[in-house]
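The structure appears right after this line, and notes come after that.
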RNA sequence: CGGGGCGUGGCGCAGUCCGGCUAGCGCGCUUGCUUUGGGAGCAAGAGGUCGAAGGUUCGAAUCCUUUCGCCCCGACCA
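Numbering (my numbering), first residue to last: 50 to 528.
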């Protein structure tokens, strides 16, 4: 069997990514341009992501529902910014049942409009608020340049849509969700993120305020990994979401929307993956530990499999997601590489020598080679495995955080900013004017990512124009 | 939409300039035997209307015309 290596990340990061997605068996190209097929292994990862989020949403009072994929075109025209933002990437259905449609239908690129329409119908009284609905599904945006998981025409996500009686309550909701997103990234995905506010130009089409979590990829580019928007009454006015308040006056509702998409899988790949392939954080890994039995003949096979089967059952009952690789047609060396490509956090090798000594070999995915390989006793293996999985999880977060922090710079002036964003992020004072942002985009190829919350009360001068400014922003090249 | 490249078994390609016999090669796949502690070896097989349509010719993957599709680089986004 020939070697089937990835290019290294340093050689060609884009190509490394493309091949990794295919070879790790997470997704494949669909026959429709820009679309992907999420394969069972990739979907299992997505399910682990969604089930954690779904539980958190439900615990904070949200309920799930489903709205149609097709949206009347006229709905998009009701909110001026929204239509301008999404018009270029709409797919439109013009025919149905062989007849041309009187009103064209858009394939949803997001659901604010149709949900706004329904909310107007459902919300009549302050007693109907808050309304906290989450939709899990897919949306379609006619993207020009696509990349598996990162930017595909159709992608999977949840979209939360909430309506509230007051602006404060709606803003609170926006922040509450962003906190859940942050916790997901830190605790589950092992990806450090910055929470903050988007600039006016980076804001969601139709939003009053857009907040985001921003993560640094291995190539030091930024990836917006989740967003949470406060709409004020923009959509309520466009769709007439009105209710009678306690004082019997007619009020517009305050709404929000928020999302994390299957793009987060791209982030997992680009933050944790290495030159051998994927590295799954244990808490999200579809397979947390894989057992590779090793033997030369039937006699050895019998002895090895007996122990391997026992260990498999033991780990399974300890709620560890364990897989037995009993394929006979590939060598154990092939299996090692294969599971490394797929990013399984822990490999358990059991061979004749282990049977003699009552041990197994444990190989950590996050530490390749001998460094990550230890021999441990077969007894109490479930505890050893759980412990190691926890250790891998926290070690991945630590590594990613150190890497990110080491690549954030504090340039002295605009010239230096242009330099540092070629291979890192800049964290600088910015006057929050669109002109300075535009200049940065044109001359440094970097955009503002977000203005992080909780900044020290300190004044500085805008890195671009030198005017006094109150807050710092992250500048980076972004996906 | 502008510029560059490509369509040949599942994947990657050669062959095309200069038409000629059963269209090759590598990987993968199937079967068997030997292997298995870092991407195994040998043997025997299966698999292709050469992107599509039309034309030239005794004869087209190859020449001509038309057409479809894909990839890469410049205006958007989770």
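C-beta: ideal position from N, C-alpha, C; glycine also. It should be emphasised that the depicted structure is a prediction, and the values quoted were computed from it without experimental measurement.
Let me make sure I understand the geometry here. Which of the options has the alpha-carbon closest to that of residue i?
| i | options | result |
| --- | --- | --- |
| residue 455 | 469, 465, 442, 464 | 469 |
| residue 526 | 139, 141, 267 | 267 |
| residue 402 | 166, 349, 59 | 349 |
| residue 233 | 59, 100, 165, 143 | 100 |
| residue 223 | 308, 173, 170 | 308 |
| residue 412 | 501, 440, 145 | 440 |
| residue 97 | 483, 365, 237 | 237 |
| residue 63 | 197, 339, 179, 250 | 197 |
| residue 408 | 417, 493, 241, 428 | 428 |
| residue 271 | 487, 471, 54, 488 | 471 |
| residue 361 | 524, 338, 352, 494 | 338 |
| residue 296 | 303, 250, 336, 176 | 176 |
Measure the CB-CB distance between residue i and residue j and report whether it falls below 7 Å.
| i | j | result |
| --- | --- | --- |
| residue 504 | residue 520 | yes |
| residue 528 | residue 189 | no |
| residue 120 | residue 93 | no |
| residue 158 | residue 128 | no |
| residue 116 | residue 187 | no |
| residue 485 | residue 522 | no |
| residue 179 | residue 450 | no |
| residue 306 | residue 226 | no |
May I have the straight-line CA-CA distance separating residue i from residue j, to the nearest angstrom?
| i | j | result |
| --- | --- | --- |
| residue 228 | residue 107 | 15 Å |
| residue 149 | residue 435 | 59 Å |
| residue 425 | residue 274 | 38 Å |
| residue 395 | residue 363 | 16 Å |
| residue 516 | residue 460 | 16 Å |
| residue 325 | residue 415 | 10 Å |
| residue 510 | residue 481 | 11 Å |
| residue 83 | residue 172 | 38 Å |
| residue 218 | residue 209 | 15 Å |
| residue 144 | residue 163 | 20 Å |
| residue 69 | residue 140 | 30 Å |
| residue 50 | residue 202 | Here residue 50 scores only 34 on pLDDT, less than 50, and its place in the model should not be relied on; the value that follows carries that caveat. Cα to Cα, residue 50 sits roughly 36 Å from residue 202. |
| residue 264 | residue 331 | 19 Å |
| residue 464 | residue 377 | 60 Å |
| residue 60 | residue 316 | 19 Å |
| residue 453 | residue 345 | 46 Å |
| residue 104 | residue 110 | 10 Å |
| residue 357 | residue 114 | 44 Å |
| residue 489 | residue 239 | 31 Å |
| residue 365 | residue 372 | 9 Å |
| residue 166 | residue 288 | 6 Å |
| residue 91 | residue 221 | 33 Å |
| residue 496 | residue 250 | 10 Å |
| residue 379 | residue 53 | 14 Å |
Return helix, strand or coil for residue i, following the three-state DSSP convention.
| i | result |
| --- | --- |
| residue 129 | helix |
| residue 116 | coil |
| residue 254 | coil |
| residue 479 | coil |
| residue 511 | coil |
| residue 401 | helix |
| residue 235 | helix |
| residue 502 | coil |
| residue 72 | helix |
| residue 389 | helix |
| residue 191 | coil |
| residue 326 | strand |
| residue 51 | With a pLDDT of 41 at residue 51, under the threshold of 50, the predicted position of this residue should be treated as unreliable, though the coordinate-derived value follows. DSSP places residue 51 in coil when its eight states are reduced to three. |
Suppose the cutoff is 6 Å on Cβ atoms and the five residues either side in sequence are ignored; what does the same chain contact list for residue i look like?
| i | result |
| --- | --- |
| residue 247 | 259, 261, 499 |
| residue 367 | 431 |
| residue 20 | The structure shown does not extend to residue 20, since the chain is modelled only from 50 to 528, so the question has no answer here. |
| residue 174 | 292, 293 |
| residue 501 | 243, 245 |
| residue 423 | 411 |
Cutting at 8 Å between CB atoms, please list the residues of its own chain near residue i, excluding the five before and the five after it.
| i | result |
| --- | --- |
| residue 112 | 181, 182, 183 |
| residue 341 | 374, 381, 384, 385, 388, 396, 397, 398, 399 |
| residue 133 | 254 |
| residue 392 | 73, 321, 322, 326, 327, 328, 329, 334, 414 |
| residue 102 | 207, 229, 233, 309 |
| residue 417 | 323, 325, 389 |
| residue 76 | 70, 85, 86, 87, 88, 91, 197, 198 |
| residue 67 | 196, 197 |
Got a sec? Which residues, its chain only, sit under 7 Å from residue i by beta carbon, not counting five neighbours each side?
| i | result |
| --- | --- |
| residue 301 | 282, 285, 286, 290, 291 |
| residue 257 | 279, 280, 281, 283 |
| residue 79 | 85, 86 |
| residue 444 | 415 |
| residue 95 | 87, 205, 311, 314 |
| residue 467 | 492, 493 |
Return yes when at least one heavy atom of the ligand GTP lies under 6 Å from the C-beta of residue i, else no.
| i | result |
| --- | --- |
| residue 267 | By its list of ligands, the structure shown contains no ligand whatsoever, and the ligand GTP lies outside what it can speak to. |
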